[in-house]
Every structure is written in structure tokens, then in C-alpha cells.
Amino acid sequence: MSAARHPAGRVLLTGFDPFNGASVNPSWQAVQALHGRQIQGRRIVAAQLPTVFGTSLRTLDTLLDQLRPELVICVGQAGGRGAISLERVAINVDDAPIADNAGARPVDAPVAPGAPAAYFSSLPIKALLAALQREGLRAEVSQTAGTFVCNHVFYGLMHRIASHPGLRHTRGGFVHVPWLPEQGTPHMALDEVVSGLRVIVRSALAAPSATPVTPGGGATH
Ligand code: PCA
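Just so we're aligned, residue 17 is where the sequence shown starts under this note's numbering, counting upward by one.
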């Protein structure tokens with residue numbers, strides 16, 4: 017990664033606004049806490065995406081065009097999960113179990129018509145899992161980001177990276193985080209979520225590439 021291609025060495029972290037009647041979203045609180053920080057010599061830019069189909073992706077596209085980041089990690093809340101979830105795969109489906117923040121509830125619709133069925137994260141998820149566990153943080157690899165706005169943004173991010181020549185050096189992925197203690201159980205304290213994201217960014221920047229998935233075989237290491 018040359019300095020010329022990524023002059024400011026930026027890392028984009030996104031979180032979502034509260035949805036489904038909640039008053040907080042830990043994903044936004046956690047990424048906001050890292051805004052302006054330096055990790056491995058790169059500046060962290062945190063931005064909020066609306067929990068709205070379509071608008072969330074347009075907001076993300078604008079950020080990608082403006083920042084041309086080296087690394088993008090979109091973060092969302094996953095109520096009911098007790099660990100930081102490293103999402104492996106984004107699928108080309110919008111199938112909303114609840115209405116989004118604009119009242120839309122798409123059913124069995126593609127995120128991007130005619131585009132591939134799925135994309136893998138280009139984060140080294142197994143290396144990130146090991147790094148989180150070394151720090152004593154609860155973490156897991158997740159095989160589905162669901163079919164609501166989080167998967168929509170994850171798929172849109174990976175499709176954009178795959179199709180936009182200006183983003184060919186950008187790596188991206190998605191991380192779900194548990195509720196905060198005041199939202200219910202299972203939960204994770206905000207400072208643990210923030211520490212986890214710091215570990216993820218540091219380890220992703222240190223690791224050269226994504227965990228390969230061998231064609232015809234299983235995922236390696
Ligand atoms: N979680 C939702 C969308 C916004 C968020 O934080 C999801 O998992 O799809």
C-alpha cells in the first residue's frame with residue numbers, strides 16, 4: 017500500500033443510528049469514540065449511516081468517494097448476540113424482518129440486481145478472531161449478517177469495492193456488536209466494544225490480506 021495511493025492512510029468506521037424504537041445504537045457510540053484517533057499511523061474517520069435501505073448505501077458511497085480509505089469496517093448492532101461477530105459473508109438479499117427507519121420493509125429483493133449472489137469479507141477474520149481472544153474479548157466468526165440493513169450495507173460495500181477501480185486497494189468488512197448493558201442481555205460494555213474495534217483495526221492493518229477460502233474446499237486457517 018503506497019503512501020501515494022492513500023495519502024492520508026485513512027480508515028473509515030461506520031455505525032448506525034438507533035432503530036426499532038431504541039434510543040441508542042452501540043455501533044455508533046463505539047465508532048464515534050475512535051473518530052480522529054490514529055491507529056498504526058492511519059487516521060480513523062467515523063461516520064453514521066441511517067438504518068434505512070438505499071439511503072445508507074448512498075451515504076456510504078459518498079464517504080468512499082471522498083475518503084478513498086485503505087480499510088473500511090462497517091459496524092452494526094446485533095441484539096441477542098453475546099460476542100463481537102466478525103461477519104464472513106454478505107448476500108445479495110434484502111428481506112426485512114422489521115421496518116427500517118423510513119418505514120420500508122423490502123421482501124426477497126436484491127441489494128444490487130444482477131450482481132453476484134454473495135461476497136466474502138476481505139478482512140482476515142480468523143486473524144482478527146485470534147487477536148480479539150488474545151485480548152480476552154468475547155468474539156466469534158458469524159456466517160450471516162442477516163437480511164436487514166446491516167447485510168444491505170455490507171453487501172453494498174463489498175460490491176462497490178469489487179466494481180470500482182478507485183477502490184481496488186481498499187479492504188472492507190462488517191462487524192456486529194452486542195447490546196449495551198442498558199439495552200438487555202446478552203450485552204457488552206461500551207469500553208470493551210471500543211477496545212475490540214481498536215484491536216480489529218490494528219490487526220487488519222498489520223495482516224497482509226484476507227483469509228483465503230480455497231475453491232472446492234473449506235476455509236483455510
Ligand atoms: N443493526 C441492524 C441494522 C442497523 C444495526 O445497527 C442489522 O443488524 O441489520
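Beta carbons are placed, not taken as given, at the ideal position from N, Cα and C, and that holds for glycine.
query: Nearest-angstrom Cα separation, counted from Tyr135 out to His175; result: 7 Å
query: heavy atom of ligand 1 below 8 Å from Thr186 C-beta; result: no
query: Of the listed residues Val68, Gln159, Leu28 and Arg218, nearest to His192 (C-alpha basis); result: Gln159
query: Contact test: Asn108 Cβ vs ligand 1 heavy atom, cutoff 8 Å; result: no
query: Reduced DSSP category for Arg111 - H, G, I as helix; E, B as strand; rest coil; result: Note on identity: in this sequence residue 111 is Asp, with Arg being the wrong assignment. The answer is coil: DSSP assigns Asp111 none of H, G, I, E or B.
query: Phe164 and Ile89 closer than 9 Å at C-beta; result: no
query: Same chain, Cβ closer than 7 Å to Arg26, five either side skipped, listed in chain order; result: Arg58, Arg59, Val61, Leu83, Pro85 and Glu86
query: Ligand 1 heavy atom lying under 8 Å from the CB of Thr71; result: no
query: Residue of Leu139, Gly172 and Asn36 minimising C-alpha distance to Arg113; result: It should be noted that the sequence gives Pro, not Arg, for residue 113. Comparing Cα positions, the closest option is Asn36.
query: Rounded separation between Ile100 and Val215 - CA only; result: 11 Å
query: Any non-hydrogen atom of ligand 1 closer than 8 Å to Thr67 Cβ; result: yes
query: Coil, strand or helix - Arg218 by DSSP; result: helix
query: Residue(s) in a DSSP beta bridge with Gly92; result: His192
query: Coarse secondary structure for Pro23, derived from DSSP in three states; result: Bear in mind that the predicted position of Pro23 carries a pLDDT of just 48, short of 50, making it unreliable; the figure below should be weighed with that in mind. Coil at Pro23, not helix or strand.
query: Ligand 1 site residues, beta-carbon cut 7 Å against heavy atoms; result: Phe32, Phe35, Asn41, Ser43, Thr67, Gly92, Gln93, Ala94, Ala161, Gly162, Phe164, Val165, Cys166, Asn167 and His192
query: Reduced DSSP category for Gly130 - H, G, I as helix; E, B as strand; rest coil; result: coil
query: Alpha helix (DSSP H) segments (min. 4 residues) lying fully within the segment 47-96; result: 71-83
query: Bridge partner(s) assigned by DSSP for Val157; result: Leu102
query: Ser43 versus Val109, Glu151 and Leu196, residue with shortest Cα-Cα distance; result: Leu196
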